[in-house]
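A.B. asks: Once you've had a glance at the structure underneath, I'll fire off some questions.
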Ligand SMILES: [Zn+2]
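Numbering (this note's numbering), first residue to last: 18 to 192.
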């Protein structure tokens with residue numbers, strides 16, 4: 018950050034009083050601009066034993082497959098955000114969202130929160146961020162063509178749990 022979003026004056030990086038790490042501080046209006054991790058919310062939609070994946074139309078990882086997921090918006094609950102992302106990227110309504118996994122990616126200041134869910138009967142359609150959507154039986158999942166490590170790890174856990182018929186909550190760290 019170079020300029021204060023409040024008043025437009027230059028900001029400097031310094032440790033505010035009673036704080037313990039550098040922040041962007043505006044010398045003109047004294048605003049402290051905190052930067053905190055972003056939450057990514059998404060779903061693992063399943064229907065008839067198949068899992069819905071989207072092929073990304075945008076960078077990063079264009080052409081790779083991923084679960085529907087994206088940044089949580091202000092004013093949304095986690096489950097609302099996860100359902101919205103699924104509708105936007107795959108054109109599917111989802112229901113019965115159950116928290117399934119948290120993936121901490123501290124190195125890039127992101128936390129993924131992924132929900133298990135069911136797909137509504139209606140057919141989906143790729144949104145503007147997807148080239149293609151497809152239902153995969155677990156043995157058909159294109160493991161080598163998945164977009165992100167967080168998605169791969171969560172999907173791997175999900176497929177293992179599915180075999181055992183139990184879905185405990187998971188929390189993993191992606192280094
Ligand atoms: Zn300012």
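By construction, the Cβ of each residue, glycine as well, lies at the ideal position given by its N, Cα and C atoms.
1) For the putative contact between residue 141 and residue 109, defined by C-beta atoms under 8 Å, what is the C-beta separation to the nearest angstrom?
2) Say the cut is 7 Å; is the CB of residue 187 nearer than that to a heavy atom of ligand 1?
3) Taking the alpha carbon of residue 165 as the reference point, which residue from 38, 80, 37 has its own alpha carbon closest?
4) With distance defined between alpha-carbon atoms, name the residue in 29, 106, 97 nearest to residue 84.
5) Which partner residues does residue 129 have in the DSSP bridge list?
6) Within the continuous alpha helix (DSSP H) that includes residue 169, where are the two ends?
7) Return yes when the Cβ of residue 61 is within less than 8 Å of the Cβ of residue 152, no when it is not.
8) Assuming residue 191 contacts residue 118 under a Cβ cut-off of 8 Å, what Cβ separation, rounded to an integer in Å, is found between them?
9) Check each candidate in 156, 160, 59, 169 and name the one with the smallest Cα separation from residue 115.
10) Using the Cα positions of residue 95 and residue 71, report the straight-line distance between them to the nearest angstrom.
C.D. replies: The relevant details are as follows:
1) 4 Å
2) no
3) 80
4) 106
5) 57, 120
6) 166-181
7) no
8) So it is not a contact: roughly 11 Å between Cβ atoms.
9) 59
10) 20 Å
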